[in-house]
Amino acid sequence: MIDLFDDPAVAGAISWREGSALEGEPLELLLNGINGTYLRSILLNAEKRTHRVDAAVAYATENDLLFDWCWDQKLPLRFWGRFDESVPVAIPVLKKFLDKRSGRYVCKLVRNFHPKVIWWRGYGAYIGSAKAMSMVRRLPGIAR
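The numbering used here numbers the first residue of the sequence shown as 1233 and each following residue consecutively.
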């Protein structure tokens, strides 16, 4: 399983801050170590403006920073993860949702599901893709 926040395999994503597209600001390209922008930095910047998080992420490890961040901030979290025999959402993650026993923290599992989309309501969104990384590597000036 991957850790969405630190694994170089998920490098190659865009993030969007609410209001920025309306003001003509470009999307931010997150390439982890390639350009020094990490998904983790969104958490630091979104803290005061987010009122709920909606996350559709196929794989979730037991150390998933996003879940702990939402719980620590007492932010409602709606999570959609993948469900199949490979257990892409770790049992400890599922147990944490069950232990919360709250409608503020919803976990839904879906078959044939492979997104990487997180929306910090009131702040912005992250759209990740391993395919995006292969496209980025074809851009001039990017290490191959």
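Positions of the beta carbon are idealized from the N, C-alpha and C atoms, including for glycine.
How about residue i and residue j: are their beta carbons less than 8 angstroms apart?
| i | j | result |
| --- | --- | --- |
| Leu1307 | Val1285 | yes |
| Glu1294 | Pro1324 | yes |
| Arg1281 | Tyr1355 | yes |
| Arg1272 | Leu1309 | no |
| Trp1312 | Lys1340 | yes |
Name the DSSP bridge partner or partners of residue i?
| i | result |
| --- | --- |
| Cys1339 | Phe1311 |
| Arg1353 | Arg1284 |
| Thr1269 | Asn1264 |
| Ile1323 | In the DSSP output, where bridge partners are listed per residue, Ile1323 has none listed. |
The beta strand (DSSP E) that contains residue i, what's its start and end?
| i | result |
| --- | --- |
| Asp1286 | 1284-1289 |
| Leu1261 | 1260-1262 |
What is the C-beta distance between residue i and residue j, in whole angstroms, given that I count them as a contact (C-beta under 8 angstroms)?
| i | j | result |
| --- | --- | --- |
| Ala1290 | Phe1345 | 6 angstroms |
| Pro1347 | Ala1288 | 4 angstroms |
| Phe1315 | Arg1343 | 6 angstroms |
| Asn1267 | Leu1276 | Asn1267 to Leu1276, Cβ: 17 angstroms. No contact. |
Tell me which residue opens and which closes the alpha helix (DSSP H) that residue i is part of.
| i | result |
| --- | --- |
| Leu1298 | 1297-1305 |
| Ser1334 | Careful: Ser1334 lies outside any alpha helix (DSSP H) and carries neither H nor E. |
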